[in-house]
Amino acid sequence: MRETVAILDYGSQYTQVIARRVREAGVYCEVFAHDVSAGELTARGVRAVILSGGPASVHEAGAPSIDRTILDAFPVLGICYGMHLMAQVLGGAVAAEGKREYGPAEFESLPPASALFAGLAPRERAWMSHGDSVSRLPQGFHAIARTDRLAAAAMSDGARRFGVQFHPEVAHTPNGTLIIRNFLFNVCGLTGDWTPAAFVEEAIREIEVAVGARHAVCGLSGGVDSAVAAALVARAIGNRLTCVFIDTGMLRKDENREVVAAFGERVPLVVVDASARFLARLAGVVEPEKKRAIIGEEFVRCFEEEAEKLGTAAELLVQGTIYPDVIESKSRDSKTAARIKTHHNVGGLPEDMALGVVEPLRRLFKDEVRRVGAELGLPEDLLWRHPFPGPGLAVRVIGPIDRPSLDMLREADAIFLEELRAAGLYRDVAQAFAVLTSTQSVGVQGDFRTYGRMVALRAVTTDDFMTADWARLPYDLLAKVSARIVNEVPGVNRVVYDVSSKPPATIEWE
Ligand code: XMP
């Protein structure tokens, strides 16, 4: 059975980051609800447990707890709240400090040298974010680190159980990754057998079993996730997979051609030019949410029609759902989250379709999806492509949409991306695109007055797309892109660069 680490989620904003660090170390891990039982972890092949931090205090009534036998059955690393919980459950004490400590701190390792801190300097920087702290260690434990404020900034039972008050998973703890690796390899003796090749081999076996002799259909969106899901399933079941690519007319330049080039030879591929029906339904629509609703609805309809035409060749639907979607949908609290935009995953599942679902990437993070894609031989350009919204260029043409506007935008966007790539900066930004604004302005070209459209360029840096900053692209690059767009795209006479962060702006303009 594959080495698995369980991360018990106590609600920390960093739970996913812990999971990523463990995976980056080459160890497979999964996030579990904190009330999982030791029995279930054993059944899932778990070899070690990490307890996340969290916003609660162990003193609160109803604070999240743990199946006590987990602390005896597995090596455990408790982080922040996880450390408090471990201390309390094992008979130590936790004090409410009255004042939160938030920010950088320095900790000092205490003798005897702990396996958790192998390779670290005697003093190291670490990120703190807590109110409570461990005031009395459980029997059998000793402090392995202290700070100016805390006598027990980290603790150990000298064998397999550790607690750290700080957050080794965040980048602000410079050697945090080493601490996590020490736990996985020095303490737990794991080997790090989680590689893209191993994943592909295992996933293929699982898909073969899940699909049996049936046929499957996959909606390609041009994005990374659906592409890798399709390539993986194709590897397992060959031409019993049919891919459907719906050209909504809202795609980027050459996207259609690139998908055919990447997939045409791998699997039976149905390319549907549905641009006319999408454009007809969008005629005159200005309101962004209405655009989204129409495209989402039309897409489902279109996809269903194609699936129906395939008949028995469409018994199962392949989807490119990835792990952050799974974790998020489990933990999302819709009561507190305000709806800013309705996100439609074009290529997503029509809710009431009578198809079984195959989601081979449900346990992968984005970077792992890319590495699996590379393992499957998908082109680099496709794997590193920036995310693209389901409604496509419809939310980047401000105001009413028609074919000439879309064509104008496609050209401007392609020039921007081409120059960004040529400057070697494409991978340095998370997303870059052009927007065709509804503003018209006066210009002069040659000896003539023009009255043309304004294109806005948007490029952002972000880790999670929840917040973002505008990318500080070099002026020379912007100058070149601007000159090319006004010269090469008829109808555009002005180019601006968007210098808004998110919040208060969003990444897309609509
Ligand atoms: P915003 O504009 O909300 O975008 O800051 C955050 C990220 O989500 C993408 N986005 C979408 N993705 N369907 C999608 O699949 C949508 O309707 C949609 N709207 C925005 C956006 O491109 C950015 O990456």
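Here the numbering used here is used: the first residue of the sequence shown is 1, the next is one more, and so on. Where a beta carbon is used, it is the ideal one built from N, C-alpha and C, also for glycine.
In the structure shown, the three-state DSSP call for residue 98 is strand. Between residue 373 and residue 227 the beta-carbon gap is near 7 Å, inside 8 Å, which marks them as a contact.
Of the residues assessed, residue 53 falls on the buried side of the cut-off, its CB having 16 or more other CB atoms within 10 angstroms. Scanning 142, 78, 184 and 211 for the CA closest to the CA of residue 4 turns up 184. A Cβ-Cβ separation of about 6 Å places residue 110 in contact with residue 146 under the 8 Å criterion. A distance criterion of 7 Å places the beta-carbon of residue 506 in contact range of ligand 1, judged by its closest non-hydrogen atom. With fewer than 16 neighbouring CB atoms inside 10 Å of its own CB, residue 102 falls in the exposed class. In the structure shown, residue 462 falls within a coil segment according to DSSP collapsed to helix, strand and coil. For residue 303, the closest alpha carbon among the candidates 476, 389 and 318 is that of 318. Relative to ligand 1, the nearest heavy atom lies less than 7 Å away from the CB of residue 390.
With respect to residue 484, residue 415 sits close: the two C-beta atoms are nearer than 8 Å. At least one heavy atom of ligand 1 is found less than 7 Å from the C-beta of residue 431. Under DSSP, residue 142 forms a beta bridge with 156.
Of all C-beta pairs linking the region 379 to 399 to the region 441 to 452, fewer than three are shorter than 8 Å, placing the two stretches out of contact. Counting other Cβ atoms within 10 Å of its Cβ, residue 493 reaches 16 or more and is therefore classed as buried.
A distance below 8 Å separates the beta carbons of residue 139 and residue 91. Contact check for residue 38 against residue 7 fails: the beta carbons are separated by 8 Å or more. Burial state of residue 309 is exposed, judged by a 10 Å Cβ sphere holding fewer than 16 other Cβ atoms. For residue 15, the enclosing alpha helix (DSSP H) starts and ends at 15 to 24. Scanning its chain for C-beta atoms nearer than 6 Å, with the 5 sequence neighbours on each side dropped, one finds around residue 364 the residues 322 and 323, in chain order. Between residue 93 and residue 57 the beta-carbon gap is near 13 Å, outside 8 Å, which marks them as no contact. In the structure shown, the three-state DSSP call for residue 172 is coil. When C-beta atoms of the region 127 to 134 are compared with those of the region 165 to 183, three or more pairs fall below 8 Å, so the two segments count as touching. Residue 391 is not a Cβ neighbour of residue 431, given a cutoff of 8 Å.
Here residue 12 is buried. Its C-beta has 16 or more other C-beta atoms within 10 Å. Straight through space, the alpha carbons of residue 371 and residue 76 are spaced by roughly 29 Å. Counting only runs that start and end inside the region 25 to 51, the beta strand (DSSP E) elements of at least 3 residues fall at 28 to 33 and 46 to 51. Residue 438 and residue 470 do not touch by the CB rule: their CB atoms are close to 21 Å apart, not below 8 Å. Not one heavy atom of ligand 1 is found less than 7 Å from the C-beta of residue 503.
Residue 93 is bridged by DSSP to 136. Collapsing the DSSP output to three states places residue 81 in a helix. Relative to residue 100, the option among 149, 65 and 380 whose CA is nearest is 149. Residue 156 is positioned such that its CB atom lies no closer than 8 Å to that of residue 220. For residue 42, the closest alpha carbon among the candidates 458, 16 and 72 is that of 72. The three-state secondary structure of residue 480, taken from DSSP, is helix.
In this structure, residue 238 lies away from residue 275, with their beta-carbon atoms at least 8 Å apart.
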